[in-house]
Amino acid sequence: YAANVFEKSKHVIAYAKNDHLGFQVYYLWNGGRRRFVPDFIVQLSNKNTLVLEIKGEDSEQDRAKRAALNEWVKSVNEKGGFGTWCWDVAFEPATIHNIIEKQGRN
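Residues 20 to 125 (my numbering) make up the sequence shown, in order.
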């Protein structure tokens, strides 16, 4: 479903399923270091790179992952030199279109 939304959106230049790309964010959970591999990386027409996670049920661990991703995005943007990054999460497939529209306009 997400790929169909990306293909039809005027805001999407390119996208990749984050499978074997090596893009991961580390986070702490229950005293241990864990890896979070978001679902998609999307290059938007406004030059932003969107990290998109698609979730069904939410949990405390998922919130910890997103907090780490938020810190990663803020740090990369503050450092500079890697373009502008943003992130979002879709809890229902129907919201993917709205996320692309929102992030593509910023």
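All C-beta atoms in this analysis are idealised placements derived from N, C-alpha and C, irrespective of residue type, glycine included.
Between the CA atoms of residue j and residue i - distance to the nearest angstrom
i, j, result
"Gly50", "Leu40", "27 Å"
"Phe42", "Asn67", "16 Å"
"Tyr34", "Lys98", "24 Å"
"Trp91", "Phe59", "16 Å"
Other residues of its chain near residue i: CB distance less than 8 Å, five sequence neighbours each side excluded
i, result
"Arg52", "Tyr45, Tyr46"
"Lys74", "Asp81, Val108, Ala109, Phe110"
"Gly102", "Lys66, Asn67, Thr68"
"Ala83", "Tyr46, Leu47, Trp48"
Host alpha helix (DSSP H) of residue i (start-end)
i, result
"Glu26", "21 to 27"
Close beta carbons around residue i, own chain, < 6 Å, minus the five adjacent residues each side
i, result
"Ser28", "Ile119"
Segment limits, beta strand (DSSP E) that includes residue i
i, result
"Asp107", "103 to 109"
Exposure label - residue i; buried when at least 16 CB within 10 Å
i, result
"Arg85", "buried"
"Glu76", "exposed"
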